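If you read the sequence shown in the working numbering, its first letter stands for residue 74, the second for the next number, and so on.
From the three backbone atoms N, C-alpha and C, an ideal C-beta is built for every residue, glycine too.
Predicted, not measured: the structure shown is a model, and the values here were computed from it.
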Amino acid sequence: LSCNPKRIETRLLSNRHLAMGNACLHFDEDEEEVTQEKLVEAVENMDADEVERILESGLSEIINQSINERGQTILDKFAIEHAAMLKEALHHKDSAGHSTRH
Numbered sequence: 074l075s076c077n078p079k080r081i082e083t084r085l086l087s088n089r090h091l092a093m094g095n096a097c098l099h100f101d102e103d104e105e106e107v108t109q110e111k112l113v114e115a116v117e118n119m120d121a122d123e124v125e126r127i128l129e130s131g132l133s134e135i136i137n138q139s140i141n142e143r144g145q146t147i148l149d150k151f152a153i154e155h156a157a158m159l160k161e162a163l164h165h166k167d168s169a170g171h172s173t174r175h
C-alpha cells in the first residue's frame, strides 16, 4: 500500500483537464475492469499506486465528474480524505504526548 497524498493529488490534478465524453468500460493490462468505484476506494485508502494504475488505464475522464449524490468529484473526495488523515495524525500526536506526561 502506497500512502502518498502528494503523489495522489499531483496525479489527479494532472488528469483533470482530460475529462470529457461519456463513460465507457476500461480495463487494465491484466484485463481487470477499472471503475469509478475502485478509484474512489483507492483515494479513500490513500493508495497512490492504485490511483495511478486506474488513471493510467484510461479512466481519467471521470476526474471532473460527480461521484455521488452531493455532486462531489474525485478531487473533492481526495481533499476530504486528506483532511481526515491530517486530523487523525494530529489527534494521535496529541494523544501520544498526553499519555507520556504521566
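Item, Value
"I need the DSSP call for E106, collapsed to helix, strand or coil.", "strand"
"Please give me, in chain order, every unbroken run of the alpha helix (DSSP H) with length at least 4 that falls completely inside the region 114-166.", "121-129"
"Any chance the region 136-148 sits against the region 109-125, with 3 or more Cβ pairs inside 8 Å?", "yes"
"What did DSSP end up calling G94 once you bin it into helix, strand or coil?", "Low per-residue confidence applies at G94: pLDDT is 40, beneath 50, and the placement is therefore not dependable, though the value from the model is reported in the following sentence. Coil."
"For N118 and R126, what's the separation of their Cα atoms in angstroms?", "14 Å"
"Do H164 and P78 have their CB atoms nearer than 7 Å?", "no"
"Assuming E123 contacts A115 (C-beta within less than 8 Å), just tell me the rounded distance between them.", "4 Å"
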